[in-house]
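First the structure, in the form of structure tokens, and then the observations on it.
2 protein chains.
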Amino acid sequence: MTDTPDATPDRRPGGRTARVRAQVLDAVRAELAEHGHEGLTMEGVATRAGVHRATVYRRWRDVGGLLVDVIDAAGEIDWQPPDTGSLRGDLTALNQEIQQSLVERPSFAVALMAASFHSAPAARAQTRLWTDRYAQCEILVERAVERGELPAQHPTDARSLLIAATAPLYHELVLLRAERDPRLPERAARAAVLAAAAGAFSDAGS
Amino acid sequence: MTDTPDATPDRRPGGRTARVRAQVLDAVRAELAEHGHEGLTMEGVATRAGVHRATVYRRWRDVGGLLVDVIDAAGEIDWQPPDTGSLRGDLTALNQEIQQSLVERPSFAVALMAASFHSAPAARAQTRLWTDRYAQCEILVERAVERGELPAQHPTDARSLLIAATAPLYHELVLLRAERDPRLPERAARAAVLAAAAGAFSDAGS
DNA sequence: GAACTGTCGCGACGCGTGTCGCGTTAAGAT
DNA sequence: ATCTTAACGCGACACGCGTCGCGACAGTTC
């Protein structure tokens, strides 16, 4: 079921094993923050964690395995979507959060994306995390419908709306490597809301 | 000026040098198509090109250098944006082209993105290529204004509109790794056009 | 607390990658 | 046609990555 190779041995989860895991995962985050995804190496993690290389190889197999464990750990922290009182405000706040995570150097989010190209398990873990986040954000659309900001008779596809609102951020900052634009979060949110109001995300074709 | 390390030696660009370059670049494309970006290795390229490893290292330095040369070569082929008679049709056609390039296995475009995370020169070359393509597509918006599909008094920011129309494709297929959705190109194009008609991409704030 | 066994530390090994120096070949100049 | 030298072929080398087998340690159970 899980992609995690052997990161949490169920046979003996006690003191030392758990301590080694915590040391290694902390080392991964520290190495990621210090050297970026480029400098994330098995040997560096092992050395920083004060653990032998073979141990890291045995339990996590490769860099992707380390990322999977870190991603899953990140997915367990409870995250709440913004609630500003309006759909446009919510999407703007969400975009600002996304922009912040993509612009900070080094960016943990960018490191995950880069690693996902090299490890299928890491890619699946990342997809799981983002799918959960988008699902959690669907309540933004529901609240907007309740407030009357969106028409109720044309049911809006929440996922499409959310992706339309957030995709330009990733596209500009990650793929096009553009400079940070302080107005982009608000503009992308506004465009998505206007499209939604025009029925762009209702199931009925034009 | 150019990021290309030493791919085109200006001292002696004649017969053998040019032939080696052509062999190596062909080998890069073939290896990319056969093994994906994962299996693109200097030794594999050298072997397939019938050239010694040291030659490849000397002229292209690393895998990123090879990609830079291939990307620049791809930018020299003349590409024309679609012209279907309507903005929505143009954007839909553009999105279908993008989707095709991202879905085909192995995907040359995805390989470039993955490589761009590991080589700054390759990333710059890719950014140059995409910036050119988006600039070429601005004519789609100009034609739409001429046809009266978009209001002329509120000047539409062509780049923002194009990114809003195409970003969901990359987001779904590359980052979220969703399955191919035959209706996504048309839907993303429609949403962008509706947002543009509502003035979402004009310079004036809300 | 004593036996059992999962987990870790340790060192050695194979392998692929990247570099270097030298001799050879061939492109460009006279 | 001959010379100069840029570019390539070749083999050897160093280095880091990943694996393996063994012994030691510590968590679990009785």
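As you go down the protein sequences, you meet chains A and B in turn. Just so we're aligned: the first sequence equals residues 15 to 220 in our numbering. Just so we're aligned: the second sequence equals residues 15 to 220 in our numbering. In this text, a Cβ means the ideal position worked out from N, Cα and C, and glycines have one as well.
Residue interval of the alpha helix (DSSP H) (run including Asp-40 of chain A): For this step, residue 40 of chain A is matched to residue 26 along the first sequence. Looking at the DSSP string, the run of the alpha helix (DSSP H) that includes Asp-40 of chain A is 29 to 49.
Local Cβ density within 10 Å of Pro-165 of chain A, reported as buried at 16 or more and exposed below that: Indexing the first sequence from 1 puts residue 165 of chain A at position 151. Answer is exposed; the Cβ neighbour count stays below 16.
Can you say whether Ile-177 of chain A is buried or exposed, counting buried as having 16 or more other CB atoms within 10 angstroms of its CB? Along the first sequence, read from residue 1 onward, the residue named residue 177 of chain A stands at position 163. Counting Cβ neighbours within 10 Å, Ile-177 of chain A comes out buried, since at least 16 surround it.
Do three or more CB pairs link the region 28 to 38 of chain B to the region 100 to 111 of chain B at distances below 8 Å? no
Which residues does DSSP list as the beta-bridge partners of Ser-216 of chain A? Sequence index remark: in the first sequence, residue 216 of chain A carries index 202 (1-based). A:Thr-170.
Would you decide whether Asp-92 of chain A is buried or exposed? Buried here means 16 or more other CB atoms lie within 10 Å of its CB. The count along the first sequence starts at 1 and reaches residue 92 of chain A at position 78. The residue is exposed, with fewer than 16 neighbouring Cβ atoms inside 10 Å.
Can you tell me where the alpha helix (DSSP H) with Trp-74 of chain B in it begins and where it stops? In the second sequence, counting from the first residue as 1, residue 74 of chain B sits at position 60. Taken as a continuous stretch (DSSP letters only), the alpha helix (DSSP H) holding Trp-74 of chain B covers 67 to 74.
Identify, in the order they occur along the chain, each residue of the same chain with its Cβ nearer than 6 Å to the Cβ of Leu-143 of chain B, setting aside the five sequence neighbours on each side. The count along the second sequence starts at 1 and reaches residue 143 of chain B at position 129. Excluding positions up to five away in sequence, the list reads Ile-85 and Gly-89.
Look up Gln-94 of chain A in the DSSP assignment and say whether it is helix, strand or coil. Along the first sequence, read from residue 1 onward, the residue named residue 94 of chain A stands at position 80. Correct three-state label for Gln-94 of chain A: coil.
Using a Cβ-Cβ cut-off of 8 Å, state whether Ser-216 of chain B counts as contacting chain A. Your numbering for residue 216 of chain B matches position 202 in the second sequence. No - not a single Cβ of chain A is within 8 Å of the one on Ser-216 of chain B.
Against chain A, which members of the region 175 to 196 of chain B pass a CB distance test of less than 9 Å? Leu-175, Ile-177, Ala-178, Thr-180, Ala-181, Pro-182, Leu-183, Tyr-184, His-185, Glu-186, Val-188, Leu-189, Leu-190, Arg-191 and Ala-192
Return the chain-ordered ranges of every alpha helix (DSSP H) run that is complete within the region 160 to 206 of chain B and spans a minimum of 4 residues. 172 to 184
Measure the alpha-carbon distance for Pro-135 of chain B versus Val-207 of chain B and round it to whole angstroms. Translated into positions along the second sequence, residue 135 of chain B becomes position 121. Translated into positions along the second sequence, residue 207 of chain B becomes position 193. Using only the alpha carbons, I get a separation of about 35 Å.
Give the DSSP-derived three-state secondary structure of Thr-141 of chain A in the structure shown. One-based indexing of the first sequence puts residue 141 of chain A at position 127. DSSP places Thr-141 of chain A in helix when its eight states are reduced to three.
Does the CB of Glu-52 of chain A have a neighbour CB from chain B at under 8 Å? Here residue 52 of chain A refers to the residue found at position 38 when the first sequence is read from its first residue. Glu-52 of chain A counts as touching chain B.
Less than 8 Å between the CB atoms is what I'm expecting for Arg-102 of chain B and Ala-203 of chain B, so what's the real figure, rounded? What you label residue 102 of chain B is simply residue 88 of the second sequence in a count that begins at 1. What you label residue 203 of chain B is simply residue 189 of the second sequence in a count that begins at 1. Confirmed, Cβ separation roughly 5 Å.
Using CA coordinates, which residue listed in B:Gln-37, B:Thr-98 and B:Ala-125 is at the minimum distance from Leu-54 of chain B? The sequence position of residue 54 of chain B within the second sequence is 40, counting from 1. Closest option to Leu-54 of chain B, Cα to Cα, is B:Ala-125.
Less than 8 Å between the CB atoms is what I'm expecting for Pro-120 of chain A and Leu-46 of chain A, so what's the real figure, rounded? Position 106 of the first sequence, counted from the start, is the residue given in the question as residue 120 of chain A. Position 32 of the first sequence, counted from the start, is the residue given in the question as residue 46 of chain A. The pair is a contact, with the Cβ atoms about 7 Å apart (cut-off 8 Å).
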